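With this note's numbering applied, the sequence shown corresponds to residues 1499 to 1552, in that order. All C-beta atoms, glycine included, are put in the ideal place defined by N, C-alpha and C. Quick caveat, the model's predicted, so the values are computed rather than measured. Notes to accompany the following structure.
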Amino acid sequence: MKGLFDFSEVATYFFRKKDPNRKTNFNLRTMHTINKISILMFLAGIIYFVIKHW
């Protein structure tokens, strides 16, 4: 059960430092940008749902 509620990877996803050894390209940057937007929209939806049904 401990692994189900481990949100450390999600929390650190926004604050990771860039790896200088990793090659970046447009597709990879776009994918990470879309992932960040989707995580923020999901969290905003959860907060809205909790406030609306409180």
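Chain D within 9 Å of residue i, Cβ atoms only
i            : result
residue 1533 : Absence of chain D from the displayed structure is noted, only one protein chain being present.
Limits of the alpha helix (DSSP H) - the one that residue i falls within
i            : result
residue 1522 : Residue 1522 -> no alpha helix (DSSP H), and no H or E assigned at all.
Expected contact under 8 Å - CB spacing of residue i and residue j to nearest Å
i            : j            : result
residue 1508 : residue 1537 : 7 Å
residue 1534 : residue 1513 : About 11 Å separates the two Cβ atoms, so there is no contact after all.
| Between the region 1514-1530 and the region 1542-1549, do three or more beta carbon pairs fall short of 8 Å? | With the cut-off at 8 Å, the region 1514-1530 and the region 1542-1549 do not touch.
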